[in-house]
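J.: For the protein sequence lines, the chains are A and B, in the order given.
With the first letter of the first sequence counted as 1, position 422 gets the number 1375 in this note's numbering; the numbers rise by one all the way through.
With the first letter of the second sequence counted as 1, position 250 gets the number 256 in this note's numbering; the numbers rise by one all the way through.
Note that beta-carbon positions come from the ideal geometry of N, C-alpha and C, so glycine has one too.
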Amino acid sequence: MKAHLMYRDRDFDLGQEARPYEEALVADLELPTLFAAMSRGDTWLTEVVRKALLASSVEVDTILYRQDILKDCLRNEAAVREMYDLAVETIASVRKYYLGRLARYPGWVLHRSVEGMEMLVDMLRRLRGLADQHAAAFESEGFRALFAMLRGELGDDYFATVRHHLKQLKVHDRVFISAQLGEGTKGASYTLRREKAREGGWLTRIFATGPPAYSFQLPDRDEGGSRALSELRDRGINLVANALAQSTEHIVSFFNMLRTELAFYVGCLNLHGRLLVQGEPLCFPRPSVPAERRHSATGLYDVCLALKLGSRVIGNELQADDKDLVIVTGANQGGKSTFLRSIGLSQLMMQCGMFAPAQTFAANVCERIFTHYRREEDVAMKSGKFDEELSRMSSIIDGLVPNSLVLLNESFAATNEREGSEIARQVVTALIERHIKVVCVTHQYEFARRLYAEDVPGRLFLRAGRLPDGTRTFIVTQGQPLETSYGEDLYRQIFADDDGAHRSSGSLTTRGAASK
Amino acid sequence: MPFQSILYEHGRADTGDAPAEAPEYFRDLNLDQIVEGIAAGKQEYELKPFFYDSLKTIEAIEYRADVMRDLEDERVLACVNRFAASMRLMREQLEQSNKLYYKYQKERWFLHAVETYCAAVRAINGDLLELKVASRGLLAFRDFVANYAGSDPFAFLLATSSTIAGDLAKVNYSILIKGNGFTVRKYDSEDDYSAQVAHTFEKFRQGAVDDYRVRLSSSVEMNHVEAKVLEFVSLLHKQPFAELDEFFVRHQGFADPTLMRFDREIEFYIAYLEYMSRFKRAGLRFTYARVSATNKAVHAQEVFDLALATTLTGTETEIVCNDIDLHGKERVLIVSGPNQGGKTTLARTFGQLHHLASIGCPVPGRDAHLFLFDSIFTHFEKEEKIENLRGKLQDDLMRIRAILRKATPQSILIVNECFNSTTLSDAVFLARKIIDRVAELDLLCVCVTFLDELATSSEKTVSMVSTVVPDNPVLRTYKVVRKPADGRSYAISIAEKYGLTYERVKARIPL
C-alpha cells in the first residue's frame, strides 16, 4: 500500500542526502522565509517542504500530476487537513509501543507488537472511513487512486482475518517448532509451525501407530534444563514476534509516508492562504521539457520579499523564450537581485508542483538549479575571497549537467574588473555552449559589453530601471548594458549631508558617465 | 625435482632452517621495525626468520621475485588469500573439535574441517589452472596441487566427507514443547506460522525494516536439553550418524604436509605485498631491483626509508624521495650537510634497499640496480657504557677495525657519524684513513659525516648534501642531492587552479 501523492509510481524520499550546493541555494534565494510561511513554524512541515522544494522534479508529467492534486486540496481543504491530522495522531501514538533495539525477550516483543498492531488497525479503520466519506469530491488521479486503494485493500473481511491472528498470538502454551542440523549438529533454522489437526476421534488416536517419537520430561528442580527449554521456546516465538513487529513497522511507514506527502500539500495550503490575504496573484505554471528554452512571465514577483514586507510588491514581465543567457545590468538597488531571486524561486516552485508567484508563468524545467552569489565583502582578504568565490564556482561546475539553470549574482567581482570580466566571459560562454541556462546579474561592464557586441542570438539583455532624476522604478526592462551602475546616485544619496567625506567610496564609486 | 617450498627452490635443505635471529645490521638500519610492521598480524605464521635470511645467489633471488610478480596480479593474490583463509578456518574448526564434549559435536566439527580442507584444495587447484602464472615456484606448486587433487586418497576423502555432510543436512525434525517436557519427531511438512502472519500484512510492506529478532545467545557448545534433542534425532536418523562415527576414526591427520608448508611460506609474499600496498596508495613507488654479483654500479631513483615512511603514513607529512647513483669507479657516498636534513635516513635507505632486494622483495623507489652483497656492516654511534673501559673514540676505532677485517670486496659498509668525540683535525685524519682502507678493499660504502672536508677525497667518492629551502634555511627539505635544487615559484593563475578557463569548463560538463 502506497500513498503516491508526490509521484505517480514511487514514494517521496525524505531521506535523500542534501546535495552540497543546496546550502547556497537556500541562503541565496532566502528560502527560509518561504519555508516559514509554508510550515507556520512546524518543524516537521519545514523539513518536508524544504526537501520537496530542493528535490525539485524535472518530469513535466510529475509536475502536472502534483498540480492536479494541489487543485483538489484547494477545493477540499478541510478533508485534506483531517486526513493529515489522522496521520499525525497515528505517528504520535505509535511512540508508546516503541520496541527498543535492546529487547531481550521474544515474548515481550510479541506482546508489545500485538498491542501496537491493535492501535494501528483501529487507525486504518478510521482512515477507510474518511475515504468512504470524501472520495466523491476529489477529481485528481492521485487522490482517486489513493481512495480506491484504501477501500479495496481494507475490506471488512480483511479486518476480521487480522483480528483472528491477533487473538491467536496472545496465547502460547504449546510451542511447535521445526529444526535442522546446523554447524556442529547444533539445531538450526528453527521455524514456528502450525500443528496439524489430528484425524479421527480419540479412540483412533490411541490405537493408531503414529510416527516414531521420543519424549523427555525434565526432572523437577532441573533449573538449568528449564532455562534451556525456555530458550528453545523463545527461538520459535522469536520469528513470529519479528514478523508481527515488522508488519507493525510497515504500517507505521505507510502512515508516515501519508503524513509526509500530505504535509507538502498542507504547506502549500498554508502559503496559499497567506498570499491570498495579501492580494498577491498566483497561477499554475506551464512547464515544458528541459531541452526547450521557455521562460515567460507576467507579474512575476519575489515571493520571499512579499512575505517579508507583508504587502504587495512590484511584479515584472519577462519574455525570454528561446534564450539561454539573460544578463541583467543597471542601477544599484534597482531591483536586480530581487528580480534574479524571483526567477529562482518561481522555477523551484514550479518544479515541485506548486503554484507560481506571478500572473502567468511558463518555463522549461531545469535539470539542476545553482546559485552563485557574491558573499559578504571582506576587504582585508581580497585574494582569499576571490579564491573562495572561484572554488565555489568550481564545485558548481562539478555538479552541472546540460539543461541546468545557473543564477549568477555579481560573480567574479572580487578582483579587478578586467580579470573578473575575462574569467566571467570564459565561464559563461562555456556554460552556454554546454546547454546551461544562465541568468546573470553583473556590474562588470566589460563583460556585459563584450557579450552584447558578439551579437549572438539567444541572449537577452535587461536593465534595472532608473528614471532620469535617479529614482528607481524596480522594474527590469530590455536594454543594452550601460557603462555605469548608478552607484554614484546611491553614493550621493547616502553621503548627501556628508560632502567630501567618503571613506568607503572605494566600494561604491563607479567609473564613467555619471552626472556630477 | 618435485615441489618442496615456495621460498627456496631447493627447499633450503643444505643449510637447515632460516635463522631465528636478526642479522646485526637490522637494528641500525631500522630493518627490525620494517619486519615488525610486515609480520604484524601474522604471528601464527612465524614469518620473521624468512625476512632475516638474505639470499646469496641471483638465482634464489629471482625464484622469489618471480613468485612475487605473479602475486602482484590481483587474481592470483586473491586465489592464494582464499586458500590461506580456508586453512585458518580449518585450523579453528579442528581446535573446536578438540574442545567439545558431546561426541557427535566433536565429530561434526572434525567433518567441517575436512570439508573446508577439501574445498580449499579443489578451489586453489581450479584457480591455478585458470590463472596465468609464470614463476618457477608457482608453476611447480600448480603441478603439485593438480597431482594431489587427482590422487586416490584425496578423492576418497572428498567423496566420503561430502556424502556424510549431505545426509546430515537433509535431517529435518520437529520439537513440540509443552510444559516442562518435549517430544521430538521427524518433520512432517507443517505450515510456517510466522510466514502466515507476515503474509497477512504483506500489503503494507514499504521498504527495509528493522530486524526485531532478539539475539538469543548461541554458544558452540550444547546444553543438556539440546544434547537430549540431538540424541533423539540420532535415533530417528541412524544412518548418517553411524557414518560420521566411522569417518572420524579413519581420517585423523588428513592434511598434506607440503601444502601446509606452502600455506605458511606464501604468507611471506602476502605480508610484504600488503605492507607495500599501504605506501603505494600514498603514491610511493616500488620496483624489482636488478641485482648484480659483479657490477658495483649502484643506481636507484625515488628511494625512501621504509621504516620512516611507516611512521609517517597516516600523518600529513610528505615522504621525501631521493636518488642514489654510484657509477664507474665510484664506491663511496659521503653524505654531509645540515642536521635533521635526511642524511642518516639516506644511509639507512641504502642498506634497506640492498637487504630487501636480497630476500627477493621489491624495493622502495624505481629503476634500481643494486649489488649482491655477502654481508652488510654498520657502524652507528653507540651509547657510551660505564662498564666499557675504553674511551668512545677507541671503541669506535676498535669496531671499525673489526669490521674491516671481516669485510670482503663483496660487502657493504654503512658508517654514521663516527669520530665526533675528538677534535676536528683528528676526526678528519682518522676518517680519511678509514676511507682509504675502504677504497682499497673496494667496498661499497655510505658515510654520513659532519666533516665537509671528506667530500672531496678521491675519484671513488661522491659527495651528497642535505638541502634546505633557499628562502627559509630553517626549513629542511629532506632532499639529499649532488647539487642544490632550484626553488620554483608557482605563480599560476587561480582560475587555472580551479579549472575555470573556457576549455576546462567545457571539458568538465558532460554532454
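Does the ligand SAH have a heavy atom nearer than 8 Å to the CB of A24/B?
T.: With respect to small molecules bound, the structure shown includes none, and the ligand SAH cannot be examined in it.
J.: Expressed to the nearest angstrom, what Euclidean distance is found between the alpha-carbon atoms of V2/B and N104/B?
T.: Because chain B here runs from 7 to 517, residue 2/B falls outside it and cannot be looked at.
J.: Taking all protein chains shown into account, decide if N153/B is buried (16 or more other Cβ within 10 angstroms of its Cβ) or exposed.
T.: exposed
J.: Return helix, strand or coil for G371/B, following the three-state DSSP convention.
T.: Of the three classes helix, strand and coil, the one that applies to G371/B here is coil, per DSSP.
J.: Looking at C-beta atoms only, is the number of pairs between the segment 1345-1357 of chain A and the segment 1295-1306 of chain A that lie closer than 8 Å three or more?
T.: no
J.: Are the beta-carbon atoms belonging to T384/B and I420/B less than 9 Å from one another?
T.: yes
J.: Suppose you measure from the CA of Q111/B to the CA of S180/B; what does that come to, to the nearest Å?
T.: Spanning the two alpha carbons is a distance of roughly 20 Å.
J.: Chain B partners of T1282/A, CB-CB under 8 Å?
T.: Under the 8 Å cutoff, chain B gives no residues; its nearest Cβ is about 22 Å from T1282/A.
J.: Distance cutoff 9 Å, beta carbons only. Does V231/B sit that close to anything in chain A?
T.: Closer than 9 Å: yes.
J.: Could you give the first and the last residue of the continuous alpha helix (DSSP H) run that contains D76/B?
T.: 64-77
J.: Within a Cβ cutoff of 6 Å, which residues of the same chain sit near T36/B, ignoring the five residues on either side of it in sequence?
T.: Residue identity check: residue 36/B is Asn in the sequence provided, not Thr. Within the same chain, N36/B has close Cβ partners A313, R354.
J.: Looking at S364/B: is its Cβ nearer than 9 Å to the Cβ of I67/B?
T.: Result yes, Cβ atoms of S364/B and I67/B sit closer than 9 Å.
J.: Taking all protein chains shown into account, decide if K1120/A is buried (16 or more other Cβ within 10 angstroms of its Cβ) or exposed.
T.: exposed
J.: Determine which residues of the segment 1055-1087 of chain A have a Cβ less than 8 Å from any Cβ of chain B, and write them out in chain order.
T.: A1056, R1057, Y1058, P1059, V1062, S1066
J.: Anything in chain B within Cβ reach of F1112/A, meaning under 7 Å, just list it in chain order.
T.: Ordered by position in chain B, no residue passes the 7 Å Cβ test against F1112/A, which lies about 11 Å from the chain.
J.: Would S168/B pass as an interface residue toward chain A - the criterion being a Cβ-Cβ separation below 9 Å?
T.: no
J.: Note down, one range per segment and in chain order, each beta strand (DSSP E) of at least 3 residues found wholly within the segment 1294-1324 of chain A.
T.: 1313-1317
J.: My output table needs one value for V127/B: the three-state DSSP class, helix, strand or coil.
T.: helix
J.: Does the Cβ-Cβ distance between H1087/A and A1032/A come in under 9 Å?
T.: yes
J.: Determine, using beta carbons only, whether D492/B comes closer than 9 Å to chain A.
T.: Unreliable placement is indicated for D492/B, whose pLDDT of 28 sits below 50; no coordinate value is reported for it.
J.: Along the beta strand (DSSP E) that carries Y1143/A, what are the first and last residues, could you check?
T.: 1140-1147
J.: Is P516/B helix, strand or coil when you go by DSSP?
T.: If DSSP states are grouped into helix, strand and coil, P516/B belongs with coil.
J.: With burial defined as no fewer than 16 other Cβ atoms inside 10 Å of the residue's Cβ, what is the status of M404/B: buried or exposed?
T.: exposed
J.: Of all the residues that make up the segment 1187-1219 of chain A, which are near chain B by a beta-carbon distance shorter than 7 Å?
T.: D1187, R1188, N1191, L1192, V1193, A1194, N1195, A1196, L1197, A1198, Q1199, S1200, E1202, H1203, I1204, S1206, F1207, M1210
J.: Could you give the DSSP three-state label for I40/B: helix, strand or coil?
T.: helix
J.: By the three-class DSSP mapping on this structure, what secondary structure does L1361/A have?
T.: strand
J.: In the DSSP assignment, find the unbroken alpha helix (DSSP H) run with Q200/B in it and report its ends.
T.: Here the sequence assigns Ser to residue 200/B, which means Gln is not the residue at that position. From DSSP, the alpha helix (DSSP H) with S200/B extends over 199-206.
J.: With burial defined as no fewer than 16 other Cβ atoms inside 10 Å of the residue's Cβ, what is the status of Q1304/A: buried or exposed?
T.: buried
J.: Measure the CB-CB distance between T473/B and V486/B and report whether it falls below 9 Å.
T.: yes
J.: Could you say which of V1409/A, V1128/A, R1212/A lies nearest to K955/A if we only look at CA atoms?
T.: R1212/A
J.: Which one or two residues does DSSP pair with I521/B in a beta bridge?
T.: Any property of residue 521/B remains undetermined from this structure, which presents chain B solely from 7 to 517.
J.: Can you confirm whether the segment 1088-1108 of chain A touches the segment 154-169 of chain B when touching is taken to mean that 3 or more C-beta pairs between the two stretches lie within less than 8 Å?
T.: no
J.: Beta-carbon within less than 7 Å of N1209/A's beta-carbon, same chain only, minus the 5 sequence neighbours each way: which residues are those?
T.: I1044
J.: For chain B, check one thing: does any of its Cβ atoms lie closer than 9 Å to the Cβ of V1354/A?
T.: yes
J.: With a threshold of 16 other CB atoms inside 10 Å of the CB of A71/B, please say whether the residue is buried or exposed.
T.: buried
J.: Any idea which residues DSSP pairs H305/B with across the strands?
T.: BP columns for H305/B point to D331/B, H375/B.
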